[in-house]
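Since the structure comes first, as C-alpha cells, the remarks are kept for the end.
Number of protein chains: 2
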Amino acid sequence: MKNNYCVIMAGGVGSRFWPFSTNKKPKQFLDFFGTGRSFLQMTFDRFSKIVPVENIYIASNSDYKDLILEQLPEISENQVLLEPARRNTAPCIAYAMNKIYTLNKEANVIVSPSDHLILKEDDFISTIKEGLEYTRQNDNILTLGIKPNRPETGYGYIQIAENDGKSRFYKAKTFTEKPNLELAKIFLDSGEFLWNSGMFIWNAKTIIAAFDSYLEEVSNKFKAGAEFYGTPKEQEYINSIYQSCTNISIDYAILEKADNVHVLAANFGWSDLGTWGSIYEHSEKDTEQNVTLKCKSLLYDCKDNIIALPDGKLAVVQGLEDYIVAEADKVLLICKKSEEQRIRQFVNDTLVKIGEDYI
Amino acid sequence: MKNNYCVIMAGGVGSRFWPFSTNKKPKQFLDFFGTGRSFLQMTFDRFSKIVPVENIYIASNSDYKDLILEQLPEISENQVLLEPARRNTAPCIAYAMNKIYTLNKEANVIVSPSDHLILKEDDFISTIKEGLEYTRQNDNILTLGIKPNRPETGYGYIQIAENDGKSRFYKAKTFTEKPNLELAKIFLDSGEFLWNSGMFIWNAKTIIAAFDSYLEEVSNKFKAGAEFYGTPKEQEYINSIYQSCTNISIDYAILEKADNVHVLAANFGWSDLGTWGSIYEHSEKDTEQNVTLKCKSLLYDCKDNIIALPDGKLAVVQGLEDYIVAEADKVLLICKKSEEQRIRQFVNDTLVKIGEDYI
C-alpha cells in the first residue's frame, strides 16, 4: 500500500462547458451535480480509499494552484505539480513519474483524469486494486478499458487481443481516436474494442523506461531534475524546461508505440462527461426531461433542455426544446444541444470580437 | 409660463418587463435604449423645455424616492410626491392637483406618464404648449389623443365628436379599453377614434371641481390637507389618508363621466412602450432583425429576437427565433415574443414558488 501512488491530472480548461466552466474555474473544479463536491474532490475521495493521501499528486496548470489547495486541504503544496505551460499529457506524466520515482523506486502508480464520472465506486475500487496488484508484479503498461454499451463517437477505442477467456487482462492491439458512427458500430459489434478511459496503471520504472524509448528528449529533461524534486528549487527547474517540451499526448507518444501495453477491462459505470449531452444523460430530469444544474428554474412548455446558471439564480424559461442554457460571470450562452460542438467556435469568436475578459 | 406645471407619474412597477425591469428598479428608471438617460429623465428633459423646472412634480411610490432624487438632481424633495400605497392614478392625481392648487390657484397643468416614447419632440412641445394655452382659457379637461396608424389592441381608444374640420380640438364621446382586433379595425377605419395617450392637460380649478363631482370622498381627503402641503407635515398627512383612498384610475373615475372632456388630436410619434413587442419595434435591429439592449451579443442562426442583459454582459445565442431573453440580478427569462402576456403569470409563480427576493 505505501508503494501505491496516484496522479490526478487536473489541467483541463473546460472550454466545452463554457461559459458555465471558464478558464478561471474549469469543469474539474465545479460541482455540476450539486453534490457538494467538485469533480476533482470526488476523484480525490475515490483514490483516497486506495492510496495513502500523502501519495496522491495533483498535476495541473500553474493558474489553478490556489483552487486545488483550497478544494483539497488534505494535501500539501509539494503534492501539487504545476505545469507552467500546456503541453498535453505526456510531459505532465513524465514530470509526475520522475518526481515519484525519485522518492520511491518501487512506486506503483495509477494516473487518472480529474473530471470523469464513476457510478459504481465499489467496482471501481476493486478494479484499481486489481490493476495495481498486476503492475506490482508485471512490468507492463496497463490501461483501463471500458466495455462499450453503445456506438459512442466521442471516445477513443482500444482493440484487444484474445486472452484465455477467464482473465480481465488483455494485450492491446490498436488504438483508434474518435471513430465515425459507422466504424463505432462495427467496433461495438465486434466485441474486440473497449473505450479508452484515459486511466493508466504502471510501476514507475516501467513507464520511465517507455519514455526513454519513445520520447527520449522529454524523458531526459525530467530525469535531469531528480536532484530538485521535493526541494524548494523544483518549480524553478520545471519552469526552465517545461516550455521546450514536445506538446503530445501519452496515448500518441507512448501507448500507441510500446509493445507492452495491456488493457484491464472494466465496467464501473464510467463516463468522461466530455459534452453537455453526456452531462445531460447522467443528470436527474424533471417530468419533461429537463435538467437544471445548480440554479433554480421555472419551466413552461419546455422539454429536453439542460439549464446551468450560477448557484442562487433563477431561470424562467418558456417554449424551449433541446437547448443548453448556461451562464457564468459575464456570459450567457443559449445553444441547441445538437450544436454544442460549435461552442469552441463561440469561445474563439468571443476572444477575438469581445475580449479575453469574457472567456 | 410661471402658471404652467407638470406632474410626471412614475409609480409603475414595470412587471411586464420583468426581470429586466424589477420592483426595485422599474422600467421608468431604466435606460432601455442605451441613450444615457432613463425614460423618466427623458420625460423630464422634454417637459423642462415647456414648464419651469421648479414646477415639475414627480408622483411615485415611496419606494422610489431615492431613485428619483438620484436621477433628477435638478429637483427638490418637495417636488417628489410619494404615494405610500398603490391606488392607481385617480388618488395620485388628486394629491398632486390639490398640492399645486394650494400653491397657485391659477395653475395650468400637464399630467403625463414617465415611461413613454416620443419620437418627434418638436411636434410634442408645440402640441403641449397649444394644449396649455387652451386650458388657460377653457375650463375643460383636455386629453391627448394620438392618431392611430394600425389596429393596435394594446391601447385604449377615445371616440371623438365631429368639429369644424379645422381645429385639432374635439369633444370626447366615448372611451373604450383595449379592444379586440376586429373592433380595433373598425375603430381605425371609422376615423372617429384616437389612441388614449394617458396625458392630460387642465387648469387646477377645473380638475378639482371634477373630483368634487365624481370622486368626492377622495377629493375631500386631499382638500383637507391644504394646510400641510409644502410643510414638513405633508408626508405624514398623506400617509394617514392614502391607504383609505379608492383604488381607481383617472380615466374610469373622471374622464368617462365628466361632460367637459375634450381631446387634442396629436401626432408626435408616440408609443407607450408597454410591451417587449413595442420596445422591439422601436429599437435598432441587426441584419437578422435581432435587437440587443444594453449588453453585448454574438448571435448565430438567430432572428427576430430581443436580448436585454445587464450592461457589460455578453449573450452568445445560437438557433433562437422570435424570443425575449432578459436578465437582471438573479433572474434570467427566456420566453417567446408571442407569449409575452404570460410574463405576469411567471412573476406571480416566482413570487409563490421561489420567493419575493426574486421579483
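Line order of the protein sequences matches chains B and H.
Quick note: the first sequence uses this note's numbering, first residue 929, plus one each step.
Quick note: the second sequence uses this note's numbering, first residue 929, plus one each step.
All C-beta atoms in this analysis are idealised placements derived from N, C-alpha and C, irrespective of residue type, glycine included.
task: Taking only the alpha-carbon atoms, compute the straight-line gap between B/Val1259 and B/Asn1016 and give it to the nearest angstrom.
output: Cα to Cα, the separation comes out at about 27 angstroms.
Listed by chain order, chain H residues near B/Glu1049 by CB distance under 8 angstroms: Under the 8 angstroms cutoff, chain H gives no residues; its nearest Cβ is about 34 angstroms from B/Glu1049.
task: Residues of the segment 1243 to 1270 of chain B with a CB closer than 8 angstroms to any CB of chain H: list them in chain order, please.
output: Shown in chain order are the members of the segment 1243 to 1270 of chain B whose Cβ falls below 8 angstroms from a Cβ of chain H: Ala1243, Val1244, Val1245, Gln1246, Gly1247, Leu1248, Tyr1251, Val1253, Glu1255, Lys1258, Val1259, Leu1260, Leu1261, Ile1262, Cys1263, Lys1264, Glu1267, Arg1270.
Interface residues of the segment 1073 to 1099 of chain B facing chain H [CB-CB below 9 angstroms]: So the list is empty, because no residue satisfies the distance condition.
query: What number of angstroms, rounded off, separates the C-alpha of B/Leu1047 from the C-alpha of H/Thr1081?
result: Cα-Cα distance, rounded: 56 angstroms.
- prompt: So, B/Met937 versus B/Val1039, is the Cβ gap smaller than 8 angstroms?
  reply: Yes; because the gap between Cβ atoms is below 8 angstroms, this pair is in contact.
- prompt: Looking at H/Glu1110 and H/Gln1087, is the spacing between their C-beta atoms short of 8 angstroms?
  reply: No, the Cβ-Cβ distance between H/Gln1087 and H/Glu1110 is not below 8 angstroms.
B/Asn1036 (DSSP reduced to helix, strand or coil): In the three-state reduction of the DSSP assignment, B/Asn1036 falls in the strand class.
message: Which runs of the alpha helix (DSSP H) at least 4 residues long sit entirely within the segment 1139 to 1184 of chain H? Give them in chain order.
response: As far as the segment 1139 to 1184 of chain H is concerned, its whole alpha helix (DSSP H) runs of at least 4 residues are 1144 to 1151, 1162 to 1170.
Under the three-state DSSP convention, the category H/Leu1237 falls into: For H/Leu1237, the secondary structure class from DSSP, reduced to helix, strand or coil, is coil.
message: For a quick check, are the C-beta atoms of B/Pro1079 and B/Ala1112 less than 8 angstroms apart?
response: Here B/Pro1079 is near B/Ala1112, since their CB atoms are less than 8 angstroms apart.
field: DSSP-derived helix/strand/coil call for B/Thr1017
entry: DSSP places B/Thr1017 in helix when its eight states are reduced to three.
message: Taking 8 angstroms as the cut-off, does the segment 1208 to 1227 of chain H touch the segment 959 to 968 of chain H (at least 3 CB pairs, one atom from each stretch)?
response: Yes: at least three Cβ pairs fall under 8 angstroms.
- request: Name, going along the chain, the residues of the segment 1275 to 1287 of chain B whose beta-carbon falls closer than 8 angstroms to a beta-carbon of chain H.
  value: From the segment 1275 to 1287 of chain B, only Asp1277, Thr1278, Lys1281, Ile1282, Tyr1286 have a Cβ closer than 8 angstroms to chain H.
query: H/Glu1255: beta carbon under 7 angstroms from a heavy atom of the ligand GTP?
result: As for the ligand GTP, it is missing from this structure, which has no ligand bound.
Bridge partner(s) assigned by DSSP for H/Met937: Bridge pairing for H/Met937: H/Ala987, H/Pro1041 [DSSP].
- prompt: Applying a beta-carbon distance threshold of less than 7 angstroms, which residues of chain B neighbour H/Gln1237?
  reply: Residue identity check: residue 1237 of chain H is Leu in the sequence provided, not Gln. The contact set of H/Leu1237 on chain B, defined by CB atoms closer than 7 angstroms, consists of Leu1260 in chain order.
field: Boundaries of the beta strand (DSSP E) in which H/Trp946 is found, first to last residue
entry: Membership of H/Trp946 in any beta strand (DSSP E) is not indicated, and neither H nor E is assigned to it by DSSP.
field: the segment 995 to 1005 of chain B in contact with the segment 1148 to 1164 of chain B per 3-pair CB rule at 8 angstroms
entry: Too few Cβ pairs lie closer than 8 angstroms, so no.
task: Please state whether DSSP places H/Asn932 in a helix, a strand or coil.
output: In this structure, H/Asn932 counts as strand in the three-state DSSP scheme.
query: The beta strand (DSSP E) with B/Asn1124 in it runs from where to where?
result: It spans 1121 to 1131 - the beta strand (DSSP E) in which B/Asn1124 sits, taken as one unbroken run.
task: Mind checking the segment 951 to 962 of chain B against chain H and listing, in chain order, the residues whose C-beta falls within less than 9 angstroms of any C-beta there?
output: Per Cβ criterion, the list is empty.
task: Give me the Cα-Cα distance between B/Glu1255 and H/Asn1066, rounded to the nearest whole angstrom.
output: B/Glu1255 and H/Asn1066 have their C-alpha atoms spaced approximately 59 angstroms apart.
message: For the structure I just gave you, are there three or more beta carbon pairs, one from the segment 1043 to 1057 of chain H and one from the segment 1160 to 1178 of chain H, closer than 8 angstroms?
response: Touching, no.
message: Quick check on DSSP: helix, strand or coil for H/Phe1103?
response: Strand, per DSSP.
- request: Output the distance between the C-alpha atoms of H/Val1189 and H/Lys1133, rounded to the nearest integer angstrom.
  value: The alpha-carbon atoms of H/Val1189 and H/Lys1133 are separated by roughly 14 angstroms.
task: Report all residues from its chain with a CB closer than 7 angstroms to the CB of B/Lys1101; omit the five preceding and five following residues, and keep chain order.
output: Excluding residues within five positions, the ones whose Cβ falls inside 7 angstroms are Gln1087, Ile1088, Ala1089.
message: Which residues in chain B have a C-beta closer than 7 angstroms to the C-beta of H/Lys1224? List them in chain order.
response: Those within 7 angstroms of H/Lys1224 in chain B are Ile1282.
Strand pairing of H/Tyr1085, partner residues [DSSP]: In the DSSP output, where bridge partners are listed per residue, H/Tyr1085 has H/Thr1104, H/Trp1123.
Check whether B/Ile1282 and H/Leu1226 have beta carbons under 8 angstroms apart: Between B/Ile1282 and H/Leu1226, the CB-CB gap stays under 8 angstroms.
message: If you reduce the DSSP assignment to three classes, tell me which class B/Lys1264 lands in.
response: Strand.
query: Going by DSSP, what residues sit across from H/Val1219 in a beta bridge?
result: In the DSSP output, where bridge partners are listed per residue, H/Val1219 has H/Ile1234.
- prompt: So is B/Gln1007 buried or exposed if we call it buried at 16+ other beta carbons inside 10 Å?
  reply: Within a 10 Å sphere around the beta-carbon of B/Gln1007 sit 16 or more other beta-carbons, which makes this residue buried.
message: Distance cutoff 8 angstroms, beta carbons only. Does H/Gly1240 sit that close to anything in chain B?
response: At least one chain B Cβ lies under 8 angstroms of H/Gly1240.
message: With a threshold of 6 angstroms on Cβ separation, who are the neighbours of B/Arg1201 within its own chain once the five nearest residues in sequence on each side are excluded?
response: With the sequence shown as reference, residue 1201 of chain B is identified as Leu, and Arg is not the correct amino acid for it. If the five residues before and after B/Leu1201 are omitted, its C-beta is found closer than 6 angstroms to the C-beta atoms of Leu1045, Ile1207, all from its own chain and listed in chain order.
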